[in-house]
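Only one structure is covered here, and it is reproduced in the block below.
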Amino acid sequence: MDKNTPTLTVPGTGAKIPAIGLGTFGSDSVDAQAVANAVRYALSIGYRHIDCAAVYQNEKEIGAVLKEAMDAGTVARDQLWITSKLWNDMHGEADIIPAFMRSLEDLKLDYLDLYLIHWPFPNYHPPKCDVSSRSPNARPYIHADFMKVWRKLESLVDAGLVRHIGTSNMTIPKLKLVLRDARIKPAFNEMELHPHFQQPSFVRFVQDSGIIPIGYSPLGSPGRPERDKTTEDTVDMEDPVLVGIARKHGVHPAAICLKWAVANGHIPIPFSASNRNILANLEAVCYDPLLPEEKRLLDGIDRNCRLIKGQVFLWQGAKDWHDLWDENGTITT
Ligand SMILES: NC(=O)c1ccc[n+]([C@@H]2O[C@H](COP(=O)([O-])OP(=O)(O)OC[C@H]3O[C@@H](n4cnc5c(N)ncnc54)[C@H](OP(=O)(O)O)[C@@H]3O)[C@@H](O)[C@H]2O)c1
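Numbering of the sequence shown is given in our numbering, commencing with residue 1121 and proceeding in unit increments.
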C-alpha cells in the first residue's frame, strides 16, 4: 500500500481497511479482461482494496491477477482487502454458501475480507436487461427472509472464511431491524454516495451504529449503463462549486469528489479502466486534503440525486423505484 494511503479501523475487529478501493463493475462497456488489467495496474501502484461482486462477471479474471501478484511477491495476502457480494438470485438457503464458495474460488483466495449482501431483495433479471424489465419472482424486503441469508453469512465468519460481513443498498428502517436481530453486526454498509447524493442522515446513522460506509459511484458514475440514466440526473463533476475547488487544487473534479468522500469518513471505491485516472484517484486521497471551508461548501451542494435507482428490482405491484428506498421512513412492501 502507498504509505500515504489513509486507513480506517473497523470498530468490531480492529482490522485496518484502506480508505480507497478500486471498483470493478465494468458497466456494459469494459470487459472482464480490461477490468482485470485495471486491477493489475492498481496493485502495482499501491491500491490494496478491491471491490468485487459475482454479478460483475469478472471475478475469475481478477482472481488470476490477485494470484499473479501474490505469487510474484508484489503483495502479501494480509495486505489485501478483497470484498465480494452475494447476488440477488442466490438468496435461497441452499444457494448462499455455494455462491460464496464460487466467488472465493474464482478470486483464488482462501478467505475474503468482506462479504456483502448486494441488494436486500431476492430476484432475478438477466444481465443488461431493459430498465422496464420486471421479474415475476421479485419480492419486496421481507425481514425474516433477509435474516436467513444473514445467518448464513454469520456462519461464514464462524468458519473463518470471511473476516467481516455487511449490507448494501439498505435504508435506515431495514438496517435497524438487522442491527436488532444480528448475532454478528454488519461492519460495513455499501451505499451510493457522491457530492450530489450525500444521504447525510443515513451516513450519520450508519457511523453512529459503528458501521463504516463504503461509497459507491463516488464520481457520480459517468459511465453507468444508458438504461440507468434519466433526464433528472445531475452531473457532480460539472458542479460549479466543485469545479472551482478543483481549479484551486489544480486537479480534475474527480479528485475533489474523492477528497470530499474521505473527509466525510466514507470509503470511496471509484472504478476506472484508465491507468492515468487510477493513479490520480489514489493520489487524490493520499495528498492535499480539502480545507475545512472547502468541505463545508461541498457539503452544501447535495441535490439528493440518486443515480442507481434499482428499477429492475421492483416487485409486481410496486409503484416505482422510490418504493425500494423507504423514503417515508418505513419499509415499503
Ligand atoms: N453495491 C452496489 O450495489 C454498487 C452499485 C454500483 C457500483 N458499485 C461499485 O462501485 C464502483 C464505482 O461505481 P461506478 O463504477 O458506478 O462509478 P464511479 O466510480 O463514480 O465512476 C466511474 C467512471 O468515472 C470515470 N473516472 C474514473 N476516474 C476518473 C478520473 N480521475 N477522472 C475522470 N473520470 C474518471 C471512469 O472512466 P475511465 O474508465 O475512463 O477512467 C468511469 O467511467 C463500481 O465499479 C462497483 O465496484 C457498487
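Note that the Cβ used here is the ideal one computed from N, Cα and C, for glycine as well.
- Residues close to ligand 1 by the beta carbon criterion (under 6 Å to any non-hydrogen atom) are, from first to last along the chain, G1143, T1144, F1145, D1171, H1238, S1288, N1289, E1310, Y1336, S1337, P1338, L1339, G1340, S1341, P1342, G1343, R1344, H1372, A1374, I1389, P1390, F1391, S1392, A1393, S1394, N1397, A1400, N1401 and I1428.
- Beta-bridge partners assigned by DSSP to V1282: L1232.
- Unbroken alpha helix (DSSP H) stretches of 4 residues or longer found wholly inside the segment 1261 to 1308: 1263 to 1278 and 1292 to 1301, given in chain order.
- The three-state reading of DSSP puts W1445 in helix, counting H, G and I together.
- Inter-segment contact for the segment 1399 to 1414 and the segment 1375 to 1386 is present: three or more beta-carbon pairs are separated by less than 8 Å.
- Residue pairing by DSSP places K1205 opposite L1236 in a beta bridge.
- When Cβ pairs closer than 8 Å are counted between the two stretches, the segment 1386 to 1401 is seen to touch the segment 1149 to 1162, the count reaching three or more.
- In terms of CA proximity to R1423, T1354 leads the group T1354, A1375 and L1227.
- Annotation: V1251 to T1351 spans about 14 Å, alpha carbon to alpha carbon.
- Non-local C-beta neighbours of M1290 in its own chain, meaning closer than 8 Å and more than five positions away in sequence, comprise P1240, V1298, N1309 and M1311, ordered along the chain.
- Of the residues I1216, G1280 and L1227, the one whose Cα lies closest to the Cα of D1265 is I1216.
- Per DSSP, the continuous beta strand (DSSP E) segment holding H1169 begins and ends at H1169 to D1171.
- Take G1335, set aside five residues on each side of it, and the residues of its chain with a beta-carbon closer than 6 Å to its own are L1313, A1381, H1386 and P1388, in chain order.
- A direct Cα-to-Cα measurement between I1331 and W1270 gives close to 16 Å.
- The straight-line gap separating the alpha-carbon atoms of Y1261 and N1208 is approximately 12 Å.
- Judged by DSSP in its simplified three-state form, H1245 adopts coil rather than helix or strand.
- Assigned with DSSP and collapsed to three states, G1437 falls in coil, not helix or strand.
- Per the C-alpha coordinates, the member of I1451, D1419, W1435 and S1147 positioned closest to N1257 is W1435.
- Only buried fits K1272, as 16 or more other CB atoms lie within 10 angstroms of its CB.
- Considering only L1232, R1324, C1249 and V1323, the residue with the shortest C-alpha distance to G1280 is L1232.
- The continuous stretches of alpha helix (DSSP H) do not include G1193, and DSSP gives it neither H nor E.
- When only Cα atoms are considered, I1170 and K1180 end up about 14 Å apart.
- Under the 10 Å beta carbon count, P1338 is surrounded by 16 or more other beta carbons and is classified as buried.
- Taking each of P1131, N1178 and T1129 in turn and checking the Cα distance to S1147, the smallest one comes out for N1178.
- Our two residues, D1226 and C1172, have alpha carbons roughly 11 Å apart in a direct line.
- L1128: member of the beta strand (DSSP E) spanning T1127 to T1129, first to last residue.
- Residue burial is scored here from C-beta neighbours: M1210 has at least 16 other C-beta atoms within 10 angstroms and is therefore classed as buried.
- With fewer than 16 other Cβ atoms from the protein chains shown falling within 10 Å of its own Cβ, N1448 counts as exposed.
- Taking a 10 Å sphere around the C-beta of V1432, we find 16 or more other C-beta atoms and assign the residue as buried.
- Residues of the same chain with a CB within less than 6 Å of the CB of G1183, apart from the 5 flanking positions on each side, are D1226, L1227 and K1228 in chain order.
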